[in-house]
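Have a look at the structure below, then the notes.
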Ligand SMILES: Cc1cc2nc3c(=O)[nH]c(=O)nc-3n(C[C@H](O)[C@H](O)[C@H](O)COP(=O)(O)OP(=O)(O)OC[C@H]3O[C@@H](n4cnc5c(N)ncnc54)[C@H](O)[C@@H]3O)c2cc1C
Ligand SMILES: Cc1cc2nc3c(=O)[nH]c(=O)nc-3n(C[C@H](O)[C@H](O)[C@H](O)COP(=O)(O)OP(=O)(O)OC[C@H]3O[C@@H](n4cnc5c(N)ncnc54)[C@H](O)[C@@H]3O)c2cc1C
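Protein chains in written order, with this note's numbering: chain S, 173 to 571; chain B, 52 to 430.
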């Protein structure tokens, strides 16, 4: 890095710190503890609180809902180095992301790479401004880990495709405005070669959703049915029958995002949270030697993973990353997050077993614990991630 | 003693399994949960339990019980674990019955034990006060008042506390929290003045309550065992409870395992049964080994309890610690290997994960028992 760049970056850091200090409401500097604390955007969205609205609007106006997207698409146009500074400064004060969405994490990066100009202009600014909420139509009952065997058909009819079939595990399909969806456009081709990546409005005729209840007692995902849904061919992203490339590229971003999911949400160090309920001895050591050991080795691994995540981003920006490395991160990050919640459950003991009381905030902790069990399933299972590492990074035969 | 079931024990297992799998499959727990059943268990089934001699399984024959041992109690617990049936069996027939039988005087035994045997009395031990199981930390106060005592304090995770007819409450009559001396067990009527009971709806949809005592008056006859010397009685009773919960966890683990292996033999991805993937085969095989080892350790602990409760502590610590880690692993693998399906409420596997978590906390988790073993071995 040259000296002037250094100076500029330092200035950017100072300005950002000052701006965040005066613009991030104090309420938004605490970890989100429930889904209601997360602002997802969309046509029917409501803000959970006034600070949430203010924070979102201020960040949106700076383009910092998507800091590294180009300005012309509603982004902040930040360089990789500036984006890193912004993340660090937000982390320093514990600022929440102003907007969470599948549009930001998944579709946006795929559109930036594979979308045509019209598609980028149409969709990216609406994602950045939280106007449209997206869902992901990949998995089907018989196409989970083996995603490429998906059967939802898109039949050509003039300028349109007519889509018929069903998806499952579609997160927030009942709240989403639009879907990015994998469909089979050529059933004669080999399974990876007949898939297209297509976008459509969830209000289209023939789309229905049916919520599925999770073991956490919440219903964040759905079965999604398409009965002759008519979609203009211009809504295909990339080339017809080459959707698998887009799908995989998007998955890399999704996996990187899921890998880091545990970083949000907890706030205080685990050992301190445990001390609240377990107690400490005269020397200030957690009064449960095994639990203390578990937490300490968790802390070691978490700090090391954070370094690896930072390095992964830097390598990617430097063009030196292995494209499959997000699978390694996804595997480790999700297993670590499951460990975090196992520890939180052990630390909470009896108190963390209550499911409905006021005292337990309606079982917030056990419900969050159960939800983390999906981390190593959604976005590709741990087994599939390790398979990808074995095959694409280690080049093992037959993998 | 051989670590295999005798013919009589196999028959007991078959009859318990027959009744439980027929009348209380997992759907039974589900419907109690979904209907928000006020009792949280089936009274009708409890009567069947009594008729079959299970309610008084550990109670001596002279008090109308079956006079069987902890191995037999473990056999019933294991079957309960397979279907997650909510039942007063653990709190009443194992823990409270043992406390009454081991600590009670002649009058107390003849008053309560026959009612345990015929299923008409539900009883429970109230022990934990903080978030974690720490029996010696008991600080619920019992102060002498006239001819009796006055009790004040709170207890958490009182199993069946919302339906019990009798509380057995660990209280401090002397000494400070953390000390062995000065613990006393009291028999307390839940309807007594100053007792408040809050049913707690738990993650596993099984039954528990928090209770609070504000100057609850009891007479001297309510002391179970000796004043200030309750720790030894409590140790034995808790070890019995631990052995029983370990057995429940073995049943639970094995059932989750069986269901998961079944799924590996049926679910196809990539044109193959997922059970063909060696990554899953090895994990299933490891889990099998894990469960077998824990089962043996649990049988060993139950036998040790049958031989001499006072000398069973280390075997029980091994069993409960192993049961905790094994069950945790079994349910995690169960959910993971079922993919998205395992995350749905509609599918039963999540119920096992939830119950395993509660069993892990009940009477001390794996950390607690590992620590106990280390202390017992002098390091
Ligand atoms: C909370 C949650 C949210 C989700 N959100 C979405 C969403 O928004 N959109 C969407 O499209 N999908 C979503 N999914 C679906 C998710 O991507 C799939 O569940 C996942 O890919 C696994 O597929 P499956 O459930 O069919 O499991 P299966 O593929 O049937 O897997 C069952 C088990 O077999 C293992 N297995 C499979 N193949 C192999 C192999 N070759 N080697 C070793 N082990 C193997 C798996 O790892 C798993 O343990 C979500 C899932 C969850 C749980
Ligand atoms: C100390 C020692 C003493 C021995 N004594 C005797 C003896 O007295 N008599 C005798 O006949 N032999 C003996 N052996 C040989 C021993 O049986 C072989 O080493 C063993 O069977 C493994 O064979 P290998 O060395 O060819 O390794 P490989 O079979 O080449 O295995 C290499 C690695 O691949 C793994 N692997 C192989 N197949 C699979 C599979 N299907 N799935 C997953 N992983 C796989 C193995 O586990 C191993 O990690 C001895 C070996 C040692 C180390």
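Every residue gets a Cβ at the ideal spot worked out from N, C-alpha and C, and that includes glycine.
From which residue to which residue does the alpha helix (DSSP H) around residue i run?
i	result
residue 416 of chain S	415 to 431
residue 299 of chain B	281 to 315
residue 159 of chain B	157 to 168
residue 259 of chain B	Unbroken run through residue 259 of chain B is the beta strand (DSSP E), 258 to 270; no alpha helix (DSSP H).
residue 154 of chain S	Because chain S spans 173 through 571 in this model, residue 154 of chain S falls outside it and cannot be assessed.
residue 278 of chain B	From DSSP, residue 278 of chain B is part of no alpha helix (DSSP H); its letter is neither H nor E.
residue 556 of chain S	554 to 560
residue 541 of chain S	536 to 544
residue 500 of chain S	497 to 520
residue 342 of chain B	329 to 358
Tell me the rounded alpha-carbon separation between residue i and residue j.
i	j	result
residue 227 of chain S	residue 219 of chain S	11 angstroms
residue 421 of chain B	residue 216 of chain S	53 angstroms
residue 279 of chain B	residue 205 of chain S	45 angstroms
residue 309 of chain B	residue 385 of chain B	9 angstroms
residue 424 of chain B	residue 463 of chain S	15 angstroms
residue 302 of chain B	residue 343 of chain B	11 angstroms
residue 85 of chain B	residue 256 of chain B	9 angstroms
residue 400 of chain S	residue 333 of chain S	9 angstroms
residue 365 of chain S	residue 414 of chain S	6 angstroms
residue 126 of chain B	residue 137 of chain B	16 angstroms
residue 275 of chain S	residue 331 of chain B	34 angstroms
residue 259 of chain S	residue 305 of chain S	23 angstroms
residue 282 of chain S	residue 445 of chain S	39 angstroms
residue 536 of chain S	residue 321 of chain B	37 angstroms
residue 185 of chain S	residue 213 of chain S	28 angstroms
residue 301 of chain S	residue 233 of chain S	9 angstroms
residue 188 of chain S	residue 221 of chain S	24 angstroms
In terms of residues, what are the limits of the beta strand (DSSP E) holding residue i?
i	result
residue 210 of chain B	199 to 210
residue 397 of chain S	393 to 404
residue 482 of chain S	It is not in any beta strand (DSSP E) - residue 482 of chain S instead sits in the alpha helix (DSSP H) that spans 461 to 489.
residue 335 of chain S	332 to 343
residue 246 of chain B	246 to 252
residue 306 of chain S	306 to 309
residue 327 of chain S	325 to 329
residue 353 of chain S	350 to 356
residue 192 of chain B	192 to 196
residue 257 of chain S	Residue 257 of chain S -> not in any beta strand (DSSP E); alpha helix (DSSP H) instead, spanning 252 to 265.
For residue i, which residues of its own chain have a beta-carbon under 7 angstroms away from its beta-carbon, when the five flanking residues on both sides are left out?
i	result
residue 429 of chain B	none
residue 223 of chain S	197, 199 and 200
residue 563 of chain S	571
residue 360 of chain B	287, 290 and 291
residue 540 of chain S	513
residue 473 of chain S	508
residue 182 of chain S	none
Which residues in the same chain as residue i place their Cβ atom closer than 6 angstroms to its Cβ, once the five residues preceding and following it in sequence are excluded?
i	result
residue 551 of chain S	426, 427 and 430
residue 225 of chain S	219
residue 573 of chain S	The structure shown does not extend to residue 573 of chain S, since chain S is modelled only from 173 to 571, so the question has no answer here.
residue 318 of chain B	325
Beta carbon of residue i, beta carbon of residue j: below 8 angstroms?
i	j	result
residue 210 of chain B	residue 284 of chain B	no
residue 346 of chain S	residue 381 of chain S	yes
residue 110 of chain B	residue 168 of chain B	yes
residue 56 of chain B	residue 64 of chain B	yes
residue 338 of chain B	residue 380 of chain B	yes
residue 409 of chain S	residue 287 of chain S	yes
residue 54 of chain B	residue 75 of chain B	no
residue 220 of chain B	residue 147 of chain B	no
residue 414 of chain B	residue 135 of chain B	no
residue 253 of chain B	residue 530 of chain S	no
residue 243 of chain B	residue 274 of chain B	no
residue 393 of chain S	residue 343 of chain S	yes
residue 354 of chain S	residue 322 of chain S	yes
residue 256 of chain S	residue 331 of chain S	no
residue 443 of chain S	residue 458 of chain S	yes
Taking 8 angstroms as the limit between beta carbons, can you name the residues of its chain near residue i, skipping five residues before and five after?
i	result
residue 228 of chain B	187, 188, 189 and 190
residue 316 of chain B	324 and 326
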